[in-house]
Amino acid sequence: MIEILTPAELARARATGALVADILHTLKSRCEVGTNLLDIDRWAQAMILAAGAQSCYVDYAPSFGRGPFGHYICTAVNDAVLHGLPGDYPLADGDLLTLDLAVSLNGIAADSAISFIVGESRPAESVALISATEDALRAGIAVAGPGARIGDISHAIGTVLSAAGYSINLDFGGHGIGSTMHQDPHVSNDGRPGRGYTLRPGLLLALEPWVMVDTNRLVTDADGWTLRSATGCRTAHSEHTIAITEDGAEILTLPTLTPA
Numbered sequence: 001m002i003e004i005l006t007p008a009e010l011a012r013a014r015a016t017g018a019l020v021a022d023i024l025h026t027l028k029s030r031c032e033v034g035t036n037l038l039d040i041d042r043w044a045q046a047m048i049l050a051a052g053a054q055s056c057y058v059d060y061a062p063s064f065g066r067g068p069f070g071h072y073i074c075t076a077v078n079d080a081v082l083h084g085l086p087g088d089y090p091l092a093d094g095d096l097l098t099l100d101l102a103v104s105l106n107g108i109a110a111d112s113a114i115s116f117i118v119g120e121s122r123p124a125e126s127v128a129l130i131s132a133t134e135d136a137l138r139a140g141i142a143v144a145g146p147g148a149r150i151g152d153i154s155h156a157i158g159t160v161l162s163a164a165g166y167s168i169n170l171d172f173g174g175h176g177i178g179s180t181m182h183q184d185p186h187v188s189n190d191g192r193p194g195r196g197y198t199l200r201p202g203l204l205l206a207l208e209p210w211v212m213v214d215t216n217r218l219v220t221d222a223d224g225w226t227l228r229s230a231t232g233c234r235t236a237h238s239e240h241t242i243a244i245t246e247d248g249a250e251i252l253t254l255p256t257l258t259p260a
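Residue numbering for the sequence shown is 1 to 260, as defined by the UniProt record's numbering.
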């Protein structure tokens, strides 16, 4: 299903996007050496429920997972990159942490992910990974607008990731979003320009470039959810929900809170 939102629904989407972004912003500010992933999950739960919103993850049970997911946020550390199931793990200095959050508020969902380094260490490899995904996300958003094709976004993302020296996995990518978290169209992180669905005002897309240092193969943890690099290398993932407007693309998942 490809869903086109009305102006009233788009206004609700803006509120959901701001909520997701502000929760991620707050969680990042609380993450320090020694913070437990289970605490992050509890904090996310408290903020989602306090806002009168619903988690898109707790009851999420797709065919590829061992569901339901049962937690409120995905927490992926170092070699984990997608669907990171929160567990009893205290963060260490230099850990590369990805937080991925999807929430529904007033019937509209939004989805966003951020990767960042915990503590004082700044491993160059991790900094480069995060920068590549953020640059690719900006490139994908820059070409999104009415009349553009899905392939234009995929090509823009893939060009940046490839130029940075990373190979690209096409099994998981971006997606449509709206009244439900995952919808058509699928947005691969590489592709051919001028191909695929033509973007229309009112379409919401979650764009999510992600890469691994030296592989494009994933392995699944024994928990049935967490996806890791096949070689144990580090990973990063950046994501925004955007709305196609009459004159371009609007990023819905930007925080409204000021830095602490």
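Using N, Cα and C, we set each Cβ at its ideal position, and we do this for glycine too. It should be emphasised that the depicted structure is a prediction, and the values quoted were computed from it without experimental measurement.
Residue i burial status per 10 Å Cβ neighbour count (16 or more: buried)
| i | result |
| --- | --- |
| Thr226 | buried |
| Met1 | exposed |
| Ser63 | exposed |
| Ala136 | buried |
| Glu208 | buried |
| Ser29 | exposed |
| residue 336 | Here the chain covers residues 1 to 260 and nothing more, so residue 336 does not appear. |
| Arg217 | exposed |
| Val118 | buried |
| Arg149 | buried |
| Ser188 | buried |
| Asp88 | exposed |
| Glu125 | exposed |
| Glu239 | buried |
| Ala206 | buried |
| Thr16 | buried |
| Asp184 | exposed |
| Leu49 | exposed |
| Gly84 | buried |
| Gly178 | buried |
Check whether residue i and residue j have beta carbons under 8 Å apart
| i | j | result |
| --- | --- | --- |
| Gly140 | Pro193 | no |
| Ala249 | Gly145 | yes |
| Met212 | Ala109 | no |
| Asp100 | His237 | yes |
| Gly176 | Leu203 | yes |
| Pro68 | Ala61 | yes |
| Arg200 | Ile40 | no |
| Ile73 | Pro86 | yes |
| Leu252 | Ala13 | yes |
| Leu97 | Cys31 | yes |
| residue 266 | Gly191 | In the structure as shown, the chain begins at 1 and stops at 260. Residue 266 is therefore absent and cannot be evaluated. |
| Thr256 | Asp22 | yes |
| residue 267 | Ala51 | The question about residue 267 has no answer, for the chain in this structure spans 1 to 260. |
| Ala53 | Leu27 | no |
| Gly147 | Thr198 | yes |
| Thr245 | Ser167 | no |
| Leu254 | Ile114 | no |
| Asp95 | Asn78 | yes |
Integer-rounded CB distance, given that residue j should sit under 8 Å from residue i
| i | j | result |
| --- | --- | --- |
| Trp210 | Thr133 | 6 Å |
| Ala102 | Thr235 | Not really, about 19 Å apart at Cβ, beyond 8 Å. |
| Ser112 | Val20 | 5 Å |
| Val33 | Asp93 | 5 Å |
| Gly224 | Arg66 | 3 Å |
Span of the alpha helix (DSSP H) around residue i
| i | result |
| --- | --- |
| Leu252 | No alpha helix (DSSP H) contains Leu252, which DSSP labels as neither H nor E. |
Extent of the continuous beta strand (DSSP E) to which residue i belongs
| i | result |
| --- | --- |
| Ser104 | Leu96 to Leu105 |
| Ile242 | His240 to Thr245 |
| Leu218 | Leu218 to Thr220 |
| Leu204 | Leu204 to Leu207 |
| Arg228 | Leu227 to Ser229 |
| Thr235 | Thr235 to His237 |
| Met212 | Trp210 to Met212 |
Interface flag, residue i vs chain B, CB-CB below 8 Å
| i | result |
| --- | --- |
| Ala144 | This model lacks chain B altogether, as it is built from one protein chain only. |
Next on the checklist: For a minimum of 4 consecutive residues, which ranges assigned as the alpha helix (DSSP H) are wholly contained in the segment 118-148?
Outcome noted: 124-143
Checklist entry - Curious, which full-length alpha helix (DSSP H) runs of at least 4 residues does the segment 147-186 contain? => result 150-163
Next on the checklist: Going residue by residue through the segment 14-93, where are the continuous alpha helix (DSSP H) segments of at least 4 residues, counting only ones entirely within it?
Outcome noted: 37-50
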